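Colleague: Position in the sequence shown counted from 1, then plus 2, gives you the working numbering.
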Amino acid sequence: MKKFLIAILFHFYLTLNIYPTETIKGGCESNYPPYNFYDNDNLIGIDSEIINLVFKKMGVNFAIETYPWQRVLFLLQNEKLDFAWQFVETPERKKEFNLAGPIRIGETVFFVSADSKIKSWKNLSEFNNLVIGTVRGYKYSTEFDNNKNFKREISNDNQNLSLKTIGKRVDISVGDKNSILYILKKTNNLNKIIFLKKPLSLEPRYVAFSKKNVQLSKNFQTTLNQIINKKEYNNIINKYIK
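#1: Please report the straight-line C-alpha distance between glutamine 88 and cysteine 30, rounded to a whole angstrom.
#2: Counting C-beta neighbours from all protein chains within 10 Å, is the total for isoleucine 243 16 or more, i.e. buried, or is it exposed?
#3: Note down the Cα distance separating lysine 124 from serine 175, rounded to an integer number of angstroms.
#4: Below 8 angstroms, can you find three or more Cβ-Cβ pairs linking the region 192 to 209 to the region 72 to 83?
#5: Would phenylalanine 14 be called buried (16 or more neighbouring beta carbons within 10 Å of its own) or exposed?
#6: In angstroms with no decimal places, state the Cα-to-Cα distance between lysine 187 and valine 111.
#7: Could you check the C-alpha separation between methionine 60 and threonine 224 for me, to the nearest Å?
#8: Is the separation between the beta-carbon of isoleucine 185 and that of proline 35 shorter than 8 angstroms?
#9: Is aspartate 147 near lysine 141, with beta carbons less than 8 angstroms apart?
#10: Tell me alanine 102's beta-bridge partners as DSSP assigns them.
#11: How many angstroms separate the CA atom of leucine 18 from the CA atom of glutamine 217?
#12: Considering Cα atoms alone, identify which of Ile66, Leu183, Ser212 and Asp43 is closest to aspartate 50.
#13: Considering only the alpha carbon of each residue, which of Pro206, Lys214 and Glu234 lies closest to threonine 92?
#14: Give the straight-line distance between the Cα atoms of aspartate 41 and glycine 47, rounded to the nearest whole angstrom.
#15: Sort out for me which residues DSSP pairs threonine 110 with in a bridge.
#16: Can you check whether the CB of tyrosine 208 is closer than 8 angstroms to the CB of alanine 324?
#17: Note down the Cα distance separating asparagine 231 from lysine 27, rounded to an integer number of angstroms.
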């Protein structure tokens, strides 16, 4: 009985302290406001601060590296990172990684230049043969990602995508509404873009852990469940979205 109890306690210790001294390495896109971006060399934003809160409550040492999104994805796929964010859950992503979350829900929308003739949409078939602005490596929705009836103009980030839309280098663009709004406000371009009312999707956003970090992803999920929609969590959201 005593040995059995010791075994249980040891297992409990391991699950809570899977990396008691080692610093794990995470990654995210360097410029994706209001979710992760730099202010005076400090990485801030909704997702950055939620993840920081979760790991601190777990008692895990971690370091964050930032890159263009395609590089983040490559490093995680090759296990040069232990975890990264933010991911949409797709069959492909579930095969590649251990997903934990969601940390929030993202609203993916279409947007156009202010004087565009496109004012609304019902079906993706309406965009056949048009040029749609996207960001390299992003997943939007299964239906959109698999659609081959329109052309894609690929940008490196949402800021570049917004400028292409304003400059009419694309017919229409797709992206996270809060991110595009934040960029437009910061660059005084809010009056140059119109968001189409119907969203493409409401997509839960996840933290992805490399396949070797199964237990870490489970511990993250457990701790996230304890804080989500609580005061600390809501304060982070409200700081950036009003």
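Here a beta-carbon is modelled for each residue, glycine too, at the ideal position from N, C-alpha and C. If you're wondering where the values come from, they're calculated on a predicted model, not measured in any experiment.
Modeller: The answer reads as follows:
#1: 7 angstroms
#2: exposed
#3: 15 angstroms
#4: no
#5: Residue placement at phenylalanine 14 cannot be trusted, given a pLDDT of 40 that sits under 50; what the coordinates show is reported in the next sentence. Exposed, because fewer than 16 other Cβ atoms sit within 10 Å of the Cβ of phenylalanine 14.
#6: 17 angstroms
#7: 9 angstroms
#8: yes
#9: yes
#10: Under the DSSP definition of a beta bridge, alanine 102 partners with Val209.
#11: Any reading at leucine 18 needs caution, since the residue's pLDDT is 46, under 50, leaving its predicted position unreliable; the model's value is listed next. Taking the straight line from one Cα to the other gives about 9 angstroms.
#12: Here residue 50 turns out to be serine, not aspartate, going by the sequence shown. Residue Ile66 is the option with its Cα nearest to serine 50.
#13: Pro206
#14: 9 angstroms
#15: Asp178 and Ser203
#16: The chain is shown from 3 up to 244; residue 324 falls before or after that span and cannot be answered.
#17: 26 angstroms
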